[in-house]
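Everything on this sheet refers to the single structure shown next.
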Amino acid sequence: AILHLSDIHISDFSEKYTDNKILSNFSKYQKYSDVFIDDLTKYIEDNNLTLMAAIISGDLANNGENEDYSSVKIFLEKIKNNFKLDNTDILIVPGNHDINWFENETAWRDSNHSTNEYEYHDAKFKNFKEFFNDFYNNPEFTFKPENAISIVKSYSEQKLCFIGVNSNYKESFKGTDHYGFINEDSFD
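The sequence shown: position 174 = 238 (the working numbering), numbered continuously.
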């Protein structure tokens with residue numbers, strides 16, 4: 065079995081985000097993630113399945129903050145430990161909420177607007193990149209924000225290959241930049 069989750073928006077929703085409109089039960093209620101994993105475990109066991117991979121496609125965090133990723137890591141560790149997966153069996157692809165828009169805007173302003181707002185990849189993906197690289201701690205799984213392909217994992221016995229694509233290349237703090245775009249130049 066392969067688990068696919070998207071837009072889990074994990075955050076601590078502290079007071080600094082009181083205006084936030086996106087609430088996630090995964091972070092709003094600590095027990096929700098435990099109930100989810102318990103129910104998933106029961107389903108897998110009842111159907112005599114084995115979980116071989118988990119794909120988390122986009123918006124792991126809600127605000128791209130380090131605090132968010134601390135909570136994300138706890139959730140992913142629960143999945144990993146409960147289903148006896150390796151970190152490399154949990155495939156992570158960023159979403160637009162995995163970008164830190166504040167850091168993106170700050171880098172753009174500090175540069176005196178010398179280039180397009182979206183081009184500050186190191187700033188906008190800083191926290192996600194640190195989380196990603198720390199989670200995998202594996203040189204074969206290193207996040208490079210300018211690359212279209214963010215992760216590749218093959219399961220030769222099952223004849224499967226997962227390719228995660230980062231479609232946030234042109235994402236920035238500007239409201240007009242919230243659309244998917246893949247950096248085709250990185251396919252060379």
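Don't be surprised by glycine CBs; every beta carbon is placed ideally from N, CA and C.
| Check | Outcome |
| --- | --- |
| Quick one: using the 10 Å Cβ neighbour count with 16 as the cut-off for buried, is tyrosine 243 buried or exposed? | exposed |
| Just how far apart, CA to CA, sit aspartate 241 and serine 220? | 38 angstroms |
| Within 10 angstroms of its Cβ, does histidine 190 collect 16 or more other Cβ (buried), or is it exposed? | Looking at the sequence itself, residue 190 is lysine, so the reference to histidine does not match. Lysine 190 is buried by the Cβ-count criterion. |
| Run through the DSSP bridge pairs and tell me what phenylalanine 212 is partnered with. | In the sequence as presented, phenylalanine is not what sits at residue 212; that position holds alanine. According to DSSP, which records beta bridges pairwise, alanine 212 is partnered with nothing at all. |
| When the distance is taken between beta carbons, is isoleucine 72 closer than 7 angstroms to asparagine 146? | no |
| Taking a contact to mean a Cβ-Cβ separation below 7 angstroms, would you say leucine 155 touches lysine 217 in this structure? | yes |
| How long is the line joining the alpha carbons of phenylalanine 251 and aspartate 110, rounded to whole angstroms? | 42 angstroms |
| Would you mind sorting proline 158 into buried or exposed? The rule is 16 or more other CB atoms within 10 Å of its CB. | buried |
| Label glycine 239 either buried or exposed according to how many other C-beta atoms from any shown protein chain fall within 10 Å of its C-beta, with 16 as the threshold for buried. | exposed |
| Quick one: what's got a C-beta closer than 6 angstroms to phenylalanine 237's C-beta in the same chain, skipping five residues either side? | Trp165, Asn168, Glu169 |
| State yes or no: is the C-beta of leucine 67 within less than 7 angstroms of the C-beta of alanine 125? | no |
| Starting from phenylalanine 226 and walking both ways along the alpha helix (DSSP H), at which residues does that stretch end? | Premise fails: phenylalanine 226 lies in the beta strand (DSSP E), 224-229, not in any alpha helix (DSSP H). |
| Could you tell me whether the segment 184-201 touches the segment 126-136, where touching means 3 or more Cβ pairs closer than 8 angstroms? | yes |
| Going by the DSSP bridge assignment, what does histidine 68 pair with across the sheet? | Ile119 |
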